[in-house]
Structure formats: C-alpha cells, structure tokens
Amino acid sequence: MSTAIANKPETSAVTKGLKTLLADSYALMGQTHLAHWNVEGPAFFQLHTAFQTQYEELFTAIDDIAERLRALDVFSPGGLQTLASLSSISEMASGPAPAKDFVAHLIEAHETLVATAHALRESAGEAEDLETQDLAIGRIQTHQKTLWMLKSFLKNL
Amino acid sequence: MCSVKQSGWRADAARIVEELFPVAAPSYWDLLLDLRGLLLAGNDWRKTLDVFCSCRKRLEEDHYLPFYRLRRLLAVSLRLEAVNSGLPPWSLEELLQKRHKSFADIEKRIRRDCFELTPAGNTGVAVRVIEVASAIGI
Numbered sequence: 005m006s007t008a009i010a011n012k013p014e015t016s017a018v019t020k021g022l023k024t025l026l027a028d029s030y031a032l033m034g035q036t037h038l039a040h041w042n043v044e045g046p047a048f049f050q051l052h053t054a055f056q057t058q059y060e061e062l063f064t065a066i067d068d069i070a071e072r073l074r075a076l077d078v079f080s081p082g083g084l085q086t087l088a089s090l091s092s093i094s095e096m097a098s099g100p101a102p103a104k105d106f107v108a109h110l111i112e113a114h115e116t117l118v119a120t121a122h123a124l125r126e127s128a129g130e131a132e133d134l135e136t137q138d139l140a141i142g143r144i145q146t147h148q149k150t151l152w153m154l155k156s157f158l159k160n161l
Numbered sequence: 006m007c008s009v010k011q012s013g014w015r016a017d018a019a020r021i022v023e024e025l026f027p028v029a030a031p032s033y034w035d036l037l038l039d040l041r042g043l044l045l046a047g048n049d050w051r052k053t054l055d056v057f058c059s060c061r062k063r064l065e066e067d068h069y070l071p072f073y074r075l076r077r078l079l080a081v082s083l084r085l086e087a088v089n090s091g092l093p094p095w096s097l098e099e100l101l102q103k104r105h106k107s108f109a110d111i112e113k114r115i116r117r118d119c120f121e122l123t124p125a126g127n128t129g130v131a132v133r134v135i136e137v138a139s140a141i142g143i
C-alpha cells in the first residue's frame, strides 16, 4: 500500500489528530511531572523514579509528534495556553494527595491518550498515511504498557 | 441487572459501580445495588453519600481505581453547603480525599470548619447537598 499525504494538510483529520495527540501528550507530561514532584509516602522513591522515566519518554514522543506535523508541512502548535486549549486532559490540584491518587489520575490521563491515538490511527489509515499510523500505533503501545504498570501498582495483593 | 443506557454523570457513576459486581464478593452486592440505584435515580444525596462511604470503606482497598473515578464524579457534581452560615459551599474533592466513614462524619467535619471560620462559632448548622447543574455531561 502506498503512503499518501492529504491534499489540504492544515485541515485534514490526520493533522487535527496529530495536534490533539501532541496537546494531550504535553498535558500528560506536565501532570506526570507534577506527580514526580509532589508524590509523598512510603512508595515515594519508587513512584518518583517511575514518573521521571514516564515524563522523559513523553518528552521524546512529543518531539516526534511535532516533527511529524512539520513533515506534513503543517506548523506545530506550541505554548502552554495553546496546548491546554487543545487538550482534554484534566489537571490535578497541586496540593497534597495520597500517592495512589496520583497514580489513578495518571491512569485516567493515559486512557485519554489511548483514545486520542486510536482516533489518529483510524484517520491516518483512511488517509493511507502509514507513517502517521505507525506513530499512532507506537503511542498506543506505550500508553497501554504504562497503564499496565500503573494499574499493577494499585493492586492490593 | 440491566446495564445503564442513560447518559450524564449519574449514569457514568452507576456504570462504574456495575463494574464492581464481577470483582467484589457477593456479600457486598446488596450494598453496591443500593449505591447504583441511588446514583441513577435517587434524590436523597445525604443517603447516596452515606452509602458511597460505606461501600468505599469496605471495598476501596482492593478496588482503588473505581472509587477514585466515583470520587471525581461526585466531587464535580455535588457541593456541600452549611445553611445560613454565610460561608461558600464546600468542594467534595478535598472532603472525599479523607476516608470519612459516613455522611455524618462529613457533616461533623463541616460543622468543625464552621466553628473555626464563623465569628459565632456555629456548630449546629444544617448541612445541605447541592447538585451542580453544569456537571451534566462530564
């Protein structure tokens, strides 16, 4: 199958999907950073380190998503206000919270990212844009893996 | 039990409770049925929060995520008000971060706040639960 790039990249479903994925990923990175800073309790060292691994992975992914937009000849959105307006990820208050609440909050955010990446995978498939579809599939795999890890942490065995 | 077909925050909350049935011990099903029914069609928010606290006390340790989701839905959908206290409504987000055993326990905490925050130190105020209209469709 050949790879096609939409004729009107600025308004295509693929472009919109990439922008949403970028904004949601940026928001999740911010929330993971917040959790890394503010988590407290007996699991502090475990979670502090795990959250750092996660936001570093997201930082790299965000660059890939933005550069995919540029490869499609579309300018990438940026800046906290712009990205926040494009994202549906909710924010956690910056006060004290149980460590498990940070994990549960991030689970909900990763679930949103899986849904966003699924939508992008579908629109990229319809547009025969295999490179974007590959990127979306990679993001789904990463978020699903992180969900498994975070949900495992919440289990009470 | 039929799965919820309605939409809105009440239906979302009831669906979360439904997900607990296959994983919770049968001895908790009556309590979960009560909570589901109250969330879907109840009009007594004090009782709903009371049953929520009961379920949470018994099940949250093994099922943290569904109770976190329920807390979030309740926190954006309901507010607590100390009648005639002159104080702004209480957000449930912070109140539900603590593991209150019952609605009476939540009420006690609000009355204590009233005692500390109002010049008269009113400890006998009535506490009212208000549904926030804008929460529909979250």
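Protein chains in written order, with this note's numbering: chain V, 5 to 161; chain H, 6 to 143. Using N, Cα and C, we set each Cβ at its ideal position, and we do this for glycine too.
*Can a CB atom of chain H be found closer than 8 Å to the CB of isoleucine 111/V?*
Counting from 1 along the first sequence, the entry for residue 111/V is found at position 107. So, interface residue.
*Please determine if the segment 54 to 69 of chain V and the segment 43 to 52 of chain H are in contact, where contact requires at least 3 C-beta pairs separated by less than 8 Å.*
no
*Taking three-plus beta-carbon pairs below 8 Å as touching, is the segment 109 to 125 of chain H in contact with the segment 82 to 101 of chain H?*
yes
*List the residues of chain H that alanine 140/V touches, going by C-beta distances under 7 Å, in chain order.*
Residue 140/V sits at position 136 when you count from the first residue of the first sequence. In chain order: nothing, as chain H lies at least about 25 Å away.
*asked:* Just to make sure I have the definition right: I need the residues of chain H whose C-beta is within less than 7 Å of the C-beta of aspartate 28/V. Which are they?
replied: Stepping through the first sequence from its first residue, residue 28/V is reached at position 24. Within chain H, no residue comes near aspartate 28/V; the closest Cβ sits about 17 Å away, beyond 7 Å.
*asked:* So if DSSP puts arginine 84/H in a beta bridge, which residue, or which two residues, is it bridged to?
replied: Translated into positions along the second sequence, residue 84/H becomes position 79. Note: arginine 84/H sits in a beta bridge opposite Ser96/H and Ile135/H.
*Write down every uninterrupted run of the alpha helix (DSSP H) in the segment 42 to 110 of chain V whose length is 4 residues or greater and which is fully enclosed by it, in chain order.*
48 to 75 and 84 to 90
*Check whether the Cβ of alanine 119/V lies closer than 8 Å to any Cβ atom in chain H.*
Stepping through the first sequence from its first residue, residue 119/V is reached at position 115. Judged by the 8 Å Cβ criterion, alanine 119/V is not in contact with chain H.
*Hey, is glutamine 50/V close to the ligand ADP, as in C-beta under 7 Å from one of its heavy atoms?*
Absence of the ligand ADP from the depicted structure is noted, as is the absence of any ligand whatsoever, leaving it without description.
_I'd like to know if tyrosine 73/H contacts chain V, where contact means its C-beta is closer than 8 Å to some C-beta of that chain._
Counting from 1 along the second sequence, the entry for residue 73/H is found at position 68. Yes, because at least one Cβ of chain V sits closer than 8 Å to the Cβ of tyrosine 73/H.
*Could you give the distance in angstroms between the alpha-carbon of leucine 151/V and the alpha-carbon of glycine 129/H?*
By 1-based counting over the first sequence, the position of residue 151/V is 147. By 1-based counting over the second sequence, the position of residue 129/H is 124. Taking the straight line from one Cα to the other gives about 46 Å.
*Sequence-distant residues of its chain with Cβ nearer than 7 Å to lysine 106/H (five each side left out)*: Mapped onto the second sequence, residue 106/H falls at position 101. Same-chain partners within the cutoff: Cys58 and Lys62.
*Using a C-beta to C-beta distance shorter than 7 Å, which residues of chain V count as neighbours of glutamine 177/H?*
Any answer about residue 177/H is impossible in this case: the structure gives chain H only from 6 up to 143.
*Return the CA-CA distance between aspartate 118/H and methionine 33/V, expressed in angstroms with no decimal places.*
Counting from one through the second sequence, the residue named residue 118/H turns up at place 113. Counting from one through the first sequence, the residue named residue 33/V turns up at place 29. Cα to Cα, aspartate 118/H sits roughly 36 Å from methionine 33/V.
*Run the CB neighbour count on threonine 15/V, radius 10 Å, all protein chains shown included, and call it buried at 16 or more, exposed below.*
Taking the first sequence and counting its residues from 1, one reaches residue 15/V at position 11. So threonine 15/V counts as exposed.
*Counting contacts by CB-CB distance shorter than 8 Å, is asparagine 160/V in contact with chain H?*
If you number the first sequence from 1, residue 160/V lands on position 156. Taking Cβ atoms only, chain H reaches closer than 8 Å to asparagine 160/V, which makes this a yes.
_Exposure of phenylalanine 48/V, with buried meaning 16 or more beta-carbon neighbours within 10 Å_ = Numbered from 1 along the first sequence, position 44 holds the residue referred to as residue 48/V. Under this definition phenylalanine 48/V is an exposed residue.
*Give the single residue among Ala88/V, Ala108/V, Pro100/V and Ser92/V whose Cα lies nearest to the Cα of lysine 155/V.*
For this step, residue 155/V is matched to residue 151 along the first sequence. Looking at the Cα atoms, Ala108/V is the closest of the given residues.
*Extent of the continuous alpha helix (DSSP H) run through glutamine 145/V*: For the purposes of this step, residue 145/V is taken as residue 141 along the first sequence, with counting starting at 1. Looking at the DSSP string, the run of the alpha helix (DSSP H) that includes glutamine 145/V is 134 to 158.
*Roughly how many whole angstroms lie between the Cα atoms of alanine 140/H and glutamate 71/V?*
As a working mapping, residue 140/H is identified with position 135 in the second sequence. As a working mapping, residue 71/V is identified with position 67 in the first sequence. Annotation note: pLDDT 49 at alanine 140/H (below 50); position unreliable, no value reported.
*Below 6 Å CB to CB, which residues in the same chain sit around arginine 76/H once its five sequence neighbours on both sides are set aside?*
The residue given as residue 76/H occupies position 71 in the second sequence. Contacts found: Leu101.
*Leaving aside the five residues before and after aspartate 68/V along the sequence, list all residues of the same chain whose C-beta is less than 8 Å from its C-beta, in chain order.*
Within the first sequence, numbered from 1, the residue matching residue 68/V stands at position 64. Excluding positions up to five away in sequence, the list reads Leu139.
*Between Asp105/V, Thr146/V and Leu22/V, which lies nearest to aspartate 77/V when the distance is taken from Cα to Cα?*
For this step, residue 77/V is matched to residue 73 along the first sequence. Looking at the Cα atoms, Leu22/V is the closest of the given residues.
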